[in-house]
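This report concerns only the one structure given below.
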Ligand SMILES: [Zn+2]
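Numbering (our numbering), first residue to last: 208 to 694.
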């Protein structure tokens, strides 16, 4: 049930006063009452900052994230919250700010990236950097990816500081550059050069959200794990010559066989804590036939798992990709004249490895599948962005706090989710931080219609932005609020 945004009742105010004075501490297991901001005023303020951020063109490339970092710094400064802009390149600043707690527990990191993917302006009904409000939506590049998380994190800092909420943990806000393909100026730079600024126990970032059907929340995903993207090259070599004389060992033919073998490869399926729980909960909430398949996955019976996987590979590839390392051939290169047999041909494979996959063993496995000494198998020299492995436990107070807030604000079930894509949480997780991906509620149909993240008409429901901020407030306080009532 969403909490109503009215002012707190007299009883609530009394309770809060007693709690703040430390007269009344909740018994263990009892729900804590956290202070409530004036939500009407918060909505107006959220909208103002959100529109201002959307109107800054931080398309990556080139990025220009310093525009957003400077805006955030000004807003924080006006509130009396110090912040720093840390930049590997001047135009690509990351902003860090902190609201202090009593230090009895490790910090909580709130992360959002300020860069957005590029746009094709002609495809936008409303200009992509105007933040137009229309029919309950706000349109703009970054509306869902990821200026929603940026503004929600900003609002947390402003409110915590303004209301002097007692905290056990420092709350750190990181507005990062370069998430969309250039992590070296963003999260890599922050983790490698400025870890001390953002070291924390828990982290909240993009990578989850609530699904709406017919306007009603039907499930919430909480990102707890990611597959590891790897780029693998296959290079076939053979004799060159005149096309009129077929030669054994033709590089093009060799490559074609290798690519076909990789496309058909069906690696061993494996579950982890997140996917086990994901499929178990999916079984609970699905119609009988589907539920049976999901149950088979989490049953522990390898044959049942194989059978379900085979069905998913044909009919629901997104589920299959959660169960095994996946391979998609994406680039083929070789030959440039009709009558010349080239001595070399190359293919690129987009591999999304299960988080526990060992890179060297993975290459060996691929070599055994290709099974041709004339085809070299290697990681691409520029193996994309290296997102390291690293998992997040779902058996934490932070995860339970998110689940509870999902129930309270959206009245729906939470699913811990392993993303087949990748976010900046990977780098933070690799430092031993438990990171949870959360996000606002979005119409299930929107992505397919081009209204989703990276779509040509990216938009967010205005009411859902505000609900997300209220949800975020409860999550942050539940994880970091001081139960002793001291700051
Ligand atoms: Zn993003």
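Ideal placement from N, C-alpha and C gives every residue a C-beta, glycine not left out. A quick note: this is a predicted structure, and the numbers were derived from the prediction, not measured.
Would DSSP call residue i helix, strand or coil?
i	result
residue 411	strand
residue 346	strand
residue 229	Note that residue 229 scores 43 on pLDDT, short of 50, meaning its location in the model is unreliable; the coordinates nonetheless yield the value given after this. Of the three classes helix, strand and coil, the one that applies to residue 229 here is coil, per DSSP.
residue 658	coil
residue 218	Reliability of the predicted coordinates at residue 218 is poor, the pLDDT of 47 falling under 50, and the value obtained from them is presented with this limitation in mind. If DSSP states are grouped into helix, strand and coil, residue 218 belongs with the helices.
residue 208	Reliability of the predicted coordinates at residue 208 is poor, the pLDDT of 38 falling under 50, and the value obtained from them is presented with this limitation in mind. Three-state DSSP puts residue 208 in coil, outside helix and strand.
residue 380	strand
residue 522	helix
residue 301	strand
residue 276	helix
residue 586	strand
residue 567	helix
residue 625	strand
residue 403	helix
residue 340	strand
residue 620	coil
residue 318	strand
residue 423	strand
residue 547	strand
residue 329	helix
residue 282	helix
residue 540	strand
residue 176	With the chain represented from 208 up to 694, any question about residue 176 goes unanswered, as that position is not in the structure.
residue 253	helix
residue 554	strand
residue 609	helix
residue 600	coil
residue 359	helix
residue 295	coil
residue 649	strand
Report the option in the options whose CA atom is closest to the CA atom of residue i.
i	options	result
residue 630	384, 312, 270 and 530	384
residue 253	361, 272, 341 and 303	361
residue 335	582, 266 and 473	266
residue 401	348, 355 and 303	303
residue 682	508, 367, 468 and 250	367
residue 386	300, 495 and 482	300
residue 353	275, 502, 472 and 678	275
residue 396	410, 552 and 381	381
residue 578	462, 357 and 619	462
residue 444	305, 454 and 607	454
residue 422	653, 690, 524 and 603	653
residue 515	536, 490 and 535	490
residue 394	685, 441 and 595	595
residue 258	669, 677 and 675	669
residue 625	244, 581 and 531	531
residue 446	458, 606, 604 and 483	458
residue 566	471, 585, 505 and 555	585
residue 644	506, 501, 413 and 546	413
residue 570	610, 439, 456 and 448	439
residue 548	467, 450 and 321	450
residue 293	388, 392 and 345	392
residue 657	327, 572 and 615	327
residue 550	452, 456 and 437	456
residue 587	415, 542, 555 and 430	555
residue 467	498, 647, 534 and 655	534
Report all residues from its chain with a CB closer than 8 Å to the CB of residue i; omit the five preceding and five following residues, and keep chain order.
i	result
residue 651	418, 419, 420 and 425
residue 688	239, 241, 372, 373, 374 and 375
residue 262	336, 337, 338 and 347
residue 379	303, 304, 305, 314, 315, 316, 317, 404, 405 and 407
residue 546	449, 450 and 451
Taking 6 Å as the limit between beta carbons, can you name the residues of its chain near residue i, skipping five residues before and five after?
i	result
residue 308	374, 375, 376 and 377
residue 627	434, 528 and 559
residue 350	665, 666 and 667
residue 600	641
residue 271	265 and 298
Quick one: is residue i near chain D, going by C-beta distance under 8 Å?
i	result
residue 528	Any reference to chain D falls outside this structure, which holds one protein chain only.
Might you give, ordered along the chain, the residues of its own chain that have their beta carbon closer than 7 Å to the beta carbon of residue i, omitting 5 neighbours on each side?
i	result
residue 679	359 and 363
residue 673	250 and 253
residue 488	620 and 622
residue 484	601 and 623
Looking at ligand 3, does it come within less than 7 Å of residue i, judged from the CB to the closest heavy atom?
i	result
residue 618	Ligand 3 is absent from the structure shown, which contains only ligand 1.
Around ligand 1, which residues pass a check of Cβ closer than 7 Å to any of its heavy atoms? Qualifying residues, in the order they occur: 320, 352, 353, 386, 387, 413, 630 and 660.
In the region 470–535, which residue ranges form an unbroken beta strand (DSSP E) of at least 3 residues, counting only runs that do not cross its ends? none
3-residue-minimum beta strand (DSSP E) runs that sit fully inside the region 430–459, ordered along the chain: Fully contained in the region 430–459 are the following beta strand (DSSP E) runs of length 3 or more, in chain order: 435–444.
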